[in-house]
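In our numbering, the protein residues as written are 60 to 239. Every residue gets a Cβ at the ideal spot worked out from N, C-alpha and C, and that includes glycine.
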């Protein structure tokens, strides 16, 4: 389905025929042959899913989620993936937008949730990428909450609210898994 082509100076290309039988070239740049073969395999997976109209497998979806924006742009340019419309994946804007959207909450619930928002922003910073928060960072946040002289029940409740925030982020496809 696809083939890899070695170019001068150690550059690699992946070439394939798209759905319309037009030759497409994905330029990888200077990478190892093993990496070029791995990308070729993923290109074949994406192409097979596109031709058959089926969803991509979970491994390929996870691979796509880990790619940087430059490689995603290359895959978009050869029409292997649809252009991504990503909302802001920064912690501060996400939390503020979520809290603004929750007009159904009682004032006391909003106050309690705002405490968790404040704690998350104090610990991670408002510009922290949501994808960069992993389970280890969530554990560190729990420890930090306990260092703030909060009661165990209060810290547990704030972790519950943080879990709720990240569950919403997962539903909105801003993150792949909930670190909390």
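Among the options, the one whose alpha carbon lies nearest that of residue i
i	options	result
residue 138	196, 162, 102 and 155	102
residue 77	209, 61, 87 and 66	61
residue 195	163, 233, 237 and 186	237
residue 230	74, 157, 91 and 110	157
residue 105	165, 127, 129 and 75	75
residue 129	119, 142 and 121	142
residue 95	118, 63, 112 and 83	63
residue 202	83, 239 and 191	239
Residue i to residue j span [Cα, whole Å]
i	j	result
residue 114	residue 123	13 Å
residue 131	residue 93	20 Å
residue 107	residue 208	55 Å
residue 198	residue 125	22 Å
residue 185	residue 162	22 Å
residue 43	residue 85	Since the first residue shown for the chain is 60 and the last is 239, residue 43 is missing from the structure and cannot be characterised.
residue 200	residue 216	13 Å
residue 183	residue 193	12 Å
residue 127	residue 98	14 Å
residue 155	residue 121	28 Å
residue 118	residue 100	12 Å
residue 159	residue 165	13 Å
residue 180	residue 167	20 Å
residue 91	residue 136	22 Å
residue 80	residue 169	56 Å
Residues of its chain near residue i, where Cβ-Cβ distance is below 8 Å and the 5 sequence neighbours each way are ignored
i	result
residue 68	89
residue 205	211 and 214
residue 189	148, 149, 150, 153, 225, 228, 233 and 234
residue 306	As displayed, the chain neither begins before 60 nor continues past 239, which places residue 306 out of reach and without an answer.
Simplified DSSP assignment, three categories, for residue i
i	result
residue 88	strand
residue 234	coil
residue 207	coil
residue 200	helix
residue 105	helix
residue 148	coil
Neighbourhood of residue i by C-beta distance below 6 Å, restricted to the same chain and skipping five residues each side
i	result
residue 134	140
residue 172	220
Residues near residue i by beta carbon distance below 7 Å, same chain, minus five either side
i	result
residue 116	104
residue 65	71
Cβ pair count under 8 Å reaching 3, the segment 219–239 against the segment 169–179: yes
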